[in-house]
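Following: one structure in structure tokens, then a few remarks.
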Amino acid sequence: MLTLADICEVYNKHQNDYNNTQVEEFTIGNKKFNFNSQTSILGIINLSTESWYKPTICYTPEQAICRGKVLTLQGADVIDIGTESTGKTTARVDRLEQISQLLPILKTFSQEGILTSVETYYPEVARECLKAGANVINFLGTENSEEMYQAVADFDAAIIICYVEGKHARDVGEFDFDSGRDMIDVLYDYFAKEIEIATKIGVRKIFIDPAVGVGYANFYYQYKNISNRMRYQIDTLLNGFRLRKLGFPVFNQIPTALEIFGEEFRSSQVFTAVFAALGKNDMVRTHEVAKVKSLFETMSWL
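The sequence shown begins at 779 in the working numbering and counts up by one.
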């Protein structure tokens, strides 16, 4: 059972990092982000009808545009758009189809002044989306990373660099919970290397993402692993501040515990968002923008 003593232990062990670390603040589109004083929110639009979080699926461009406007009014700073579910058995969406689905929506959002992020592991898709007005690339892979970084640098855009144990989010096996490794140290070393490569290419606006929501084979819908998975995800959120030593804002997906919350799964992201806030994560990705925004505002008043 997670207790207050566990949270205090994290703080006591790393309080210098918690109290004194600052990260780079930058402008995306026409908006300045103050990461050192305010947590930002990435709202979600799913264009894949196979996405398991049904409330965020948009079946037409018109629905996607409407949802993006609603999320912005609810408090989303950036709207994240994905064409492909990361589930292993779901259909792949090729480069041309991704571009075809994304461009009309991106162009409309750009005209409306709504900031957008695009989930993709294809550099060609990223480049076309940036041309159409996308502001952030949510890079769900490791393959062709330098080509991806070059596309982002060419447009002075921002990138979310994810930790993925495979070529991309669809190419992962089982996550090792039993090695005894401190995953924050593993993540730190990985991101330090990628930041060095990206900045040499010319990328200046970087988010680092431990990617606790990647669909490793033993992460989801297997009850025997739920306690390991949830503990890892919550530990990563609570220790997010330790990655801020790399100098760039930390980004995290707010996990959803469907196996625990059942029909009330839409409340689970409010629960896990508490740990994201306590761990000083700088931007979070959530399906439940209004709920999480209210939580962050409440915590800021206390």
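Ideal Cβ placement from N, Cα and C applies to all residues, glycine included.
- If you draw a 10 Å sphere on the C-beta of D858, you find 16 or more other C-beta atoms in it, and that means buried.
- Going by beta carbons, G821 and L849 fall inside the 7 Å limit.
- For F1019, the secondary structure class from DSSP, reduced to helix, strand or coil, is helix.
- Secondary structure at I892: coil, using DSSP grouped into helix, strand and coil.
- Ranked by Cα distance from Q1031, the first of K983, V1070, R905 is V1070.
- Distance from the CA of H946 to the CA of Y900, rounded to the nearest whole angstrom, comes to 10 Å.
- Exclusion of the five residues before and after A1055 leaves T817, L1073, F1074, M1077 as the residues of its chain whose Cβ lies within less than 8 Å of its Cβ.
- Annotated three-state conformation of R1063 is strand, per DSSP.
- In the three-state reduction of the DSSP assignment, K945 falls in the coil class, being assigned neither a helical nor a strand state.
- Per the Cβ contact rule, the region 875 to 882 is in contact with the region 903 to 912 (3 or more Cβ pairs under 8 Å).
- Residue state for A912 is assigned as coil, using DSSP reduced to three classes.
- Here D855 is buried: its Cβ has 16 or more other Cβ atoms, across all protein chains shown, within 10 Å.
- Under the three-state reduction of DSSP, E952 is assigned to coil, being neither helix nor strand.
- For I1032, no alpha helix (DSSP H) run applies, since DSSP gives it neither H nor E.
- A residue is called buried when at least 16 other Cβ atoms come within 10 angstroms of its Cβ; K1058 meets this threshold and is buried.
- Residue state for C940 is assigned as strand, using DSSP reduced to three classes.
- Assignment of K1058 by DSSP, reduced to helix, strand and coil, places it in the coil class.
- Secondary structure note for D987: its beta strand (DSSP E) is the uninterrupted segment 983 to 987.
- Spatial neighbours of E925 in its own chain (CB-CB distance under 7 Å, excluding positions within 5 residues in sequence) are listed in chain order as P901.
- In its chain, beyond the 5 residues on either side, P839 have a beta carbon closer than 8 Å to the beta carbon of P882.
- The alpha-carbon separation between Q793 and V801 amounts to approximately 16 Å.
- DSSP places L849 in the helix class (H, G or I) of the three-state scheme.
- S826 sits buried, since 16 or more C-beta atoms from the chains shown fall within 10 Å of its C-beta.
- Within the same chain, and ignoring the five residues on either side of Y968 in sequence, the residues whose Cβ sits closer than 7 Å to its Cβ are Y941.
- According to the DSSP assignment, I975 belongs to no beta strand (DSSP E) but to the alpha helix (DSSP H) extending over 961 to 979.
- In the displayed model, D1013 falls within a helix according to three-state DSSP.
- Boundaries cannot be given for I835, as no beta strand (DSSP E) includes it and DSSP labels it neither H nor E.
- Burial is judged here by how many other beta carbons sit within 10 angstroms of a residue's own beta carbon; E1066 has at least 16 and is buried.
- Membership of S957 in any alpha helix (DSSP H) is not indicated, and neither H nor E is assigned to it by DSSP.
- A residue is called buried once 16 or more other Cβ atoms fall within 10 Å of its Cβ, and I937 is buried on that count.
- The alpha-carbon of D932 is positioned some 11 Å away from that of A904.
- Between S1045 and A1035, the C-beta gap is not smaller than 7 Å, which leaves the two residues out of contact.
- In this structure, the alpha-carbon of L1021 lies about 13 Å from that of I939.
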